[in-house]
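Numbering (the numbering used here), first residue to last: 36 to 343.
By construction, the Cβ of each residue, glycine as well, lies at the ideal position given by its N, Cα and C atoms.
Reviewing the structure listed below.
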Amino acid sequence: MDMRLLRYFVTVVDEGNFNRAADRLHMAQPPLSRAIQQLEGHVGTPLLDRSMRPVRLTPVGRLLYEQALQLLVRIEDVETMVRSAAKSERPRFVIGFVASTIYARLPELIREFRKAAANVDLVLVESTTLDQIAALKDGRIDVGFGRIRFEDPAVQRVILRNEKLVAAFPASHPLASGEGPVSLHELTHEPQIIYPRAPRPSYADQVISLFRDQSIEPQIVHEARELQIAIGLVAAEEGMAIVPESVRRARSHDVAYRELLEPATSPIIMSHRPGDLSSELTIMARVIARKYEEWGYDVPQALVEGEE
36 MDMRLLRYFV TVVDEGNFNR AADRLHMAQP PLSRAIQQLE GHVGTPLLDR SMRPVRLTPV
96 GRLLYEQALQ LLVRIEDVET MVRSAAKSER PRFVIGFVAS TIYARLPELI REFRKAAANV
156 DLVLVESTTL DQIAALKDGR IDVGFGRIRF EDPAVQRVIL RNEKLVAAFP ASHPLASGEG
216 PVSLHELTHE PQIIYPRAPR PSYADQVISL FRDQSIEPQI VHEARELQIA IGLVAAEEGM
276 AIVPESVRRA RSHDVAYREL LEPATSPIIM SHRPGDLSSE LTIMARVIAR KYEEWGYDVP
336 QALVEGEE
């Protein structure tokens, strides 16, 4: 999705008027209107109710607006960090991560790393697991946190832990208030929201395989670009989703979570270049081992061996 179009869209919503938005963006009104139409064509549905004054968001427009605000702030943060790193003479350590690991205690690990490596400029880059592999090979990141198992001799991976998966329902759904675990067979005819839409293979394929292992063909109604959008669609009563357990912390006022009867997990995988003996990577491994022990998680043997 074009970042330029998202910025135009957010500006129109904030101003409530195409002419004022065009003035703020230092452009003419007709090209701005065409840009919003292009974005609506990409999404496949109207985003704004132009019959209202000021213009109003449609339900899908409201969902995109919320996500666009988060995305644009995230892009600004990355740009700021990159500019700061370019001016700094201190060592730089770049972490790639998939969005769902933010809920799986990655922020706590990053805070501990900052304390242990105060002289290091830390840069965070959100990217898919497959993008992380290419970035590790190219030297654009130093370590990646993802969820997709892969085999590549140029990348070493450590499975930190396997996180339990749960079912996420709209709060009003009949299965939302049930007691005990819910079986995948009870979800046979439930509309499923999966993510990410691309690239593949991805976490989406893990969920699809989970159903197919039970001889169930999931009824997929939406393929969201990322986790936050998937959860937003669940809250909007567009369907249900299978998500990592840690997502419970993110949204609970309009989404209900139930455990699954069948064993279902998704790995959290740390990837780095083989033979990397940098002090920064060593510190990260120590931080993970220490915090995992504190949290009662099993400490991966590979992290312990790295200390020896």
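Helix, strand or coil at residue i [DSSP, three-state]
i, result
"Pro-335", "coil"
"Tyr-292", "strand"
"Gly-44", "Just to set this straight, residue 44 is Phe in the shown sequence, not Gly. Three-state result, Phe-44: helix."
"Phe-132", "strand"
"Tyr-327", "helix"
"Gln-227", "strand"
"His-208", "coil"
"Asp-311", "coil"
"Glu-343", "With a pLDDT of only 49 at Glu-343, under the threshold of 50, the placement of this residue in the model should not be trusted; the figure read from the coordinates follows. Coil, per DSSP."
"Glu-28", "This structure does not reach residue 28, given that the chain is present from 36 up to 343, and the question cannot be answered."
"Asp-37", "coil"
"Glu-273", "coil"
"Glu-101", "helix"
"Glu-114", "helix"
Residue from the options whose Cα sits closest to the Cα of residue i
i, options, result
"Asp-177", "Glu-186, Asp-166 and Arg-184", "Asp-166"
"Val-113", "Glu-161, Val-95 and Arg-97", "Glu-161"
"Pro-81", "Gln-64, Phe-44, Asp-49 and Thr-115", "Phe-44"
"Val-282", "Lys-150, Leu-219 and Glu-198", "Glu-198"
"Gly-181", "Met-38, Asp-173 and Thr-136", "Thr-136"
"Leu-60", "Gln-72, Gly-76, Gln-73 and Arg-42", "Arg-42"
"Tyr-238", "Ala-169, Ala-270, Val-278 and Ile-251", "Val-278"
"Lys-3", "Glu-258, Pro-89, Glu-111 and Pro-142", "Since the first and last residues shown for the chain are 36 and 343, residue 3 lies out of range."
"Trp-330", "Gln-336, Ala-139, Arg-39 and Arg-184", "Ala-139"
Residue range of the unbroken beta strand (DSSP E) whose run includes residue i
i, result
"Asn-197", "191 to 205"
"Ile-303", "300 to 307"
"Val-178", "178 to 181"
"Ile-366", "Nothing can be reported for residue 366: it is not among the residues displayed for the chain, which extend from 36 to 343."
Residue j beta carbon less than 8 Å from that of residue i
i, j, result
"Tyr-292", "Ala-203", "yes"
"Val-129", "Thr-163", "no"
"Gln-249", "His-224", "no"
"Arg-127", "Val-158", "yes"
"Val-95", "Val-108", "no"
"Ala-299", "Leu-210", "no"
"Ala-153", "Val-322", "no"
"Leu-104", "Arg-308", "no"
"Tyr-100", "Leu-106", "no"
"Arg-125", "Val-155", "yes"
Span of the alpha helix (DSSP H) around residue i
i, result
"Val-155", "Neither: Val-155 is in no alpha helix (DSSP H) and is coded neither H nor E."
"Ile-266", "262 to 270"
"Glu-75", "64 to 78"
"Ile-277", "Looking at the DSSP string, Ile-277 is not in any alpha helix (DSSP H); the run it does join, the beta strand (DSSP E), is 276 to 279."
"Thr-93", "Neither: Thr-93 is in no alpha helix (DSSP H) and is coded neither H nor E."
"Ala-57", "53 to 60"
"Leu-245", "238 to 247"
"Ile-168", "164 to 173"
Residue i beta carbon near the ligand PLP (any heavy atom closer than 7 Å)
i, result
"Leu-60", "Judged by which ligands are present, the structure shown has none, so any question about the ligand PLP falls away."
Between the segment 253 to 263 and the segment 183 to 193, do at least 3 Cβ pairs fall closer than 8 Å? no
Would you be able to state if there are at least three C-beta pairs under 8 Å between the segment 39 to 58 and the segment 67 to 77? yes
Is it the case that the segment 212 to 232 contacts the segment 331 to 340, given that we only count it when at least three CB pairs across the two stretches are under 8 Å? no
Three or more C-beta pairs closer than 8 Å, one from the segment 229 to 237 and one from the segment 298 to 316: is that the case here? These segments do not touch.
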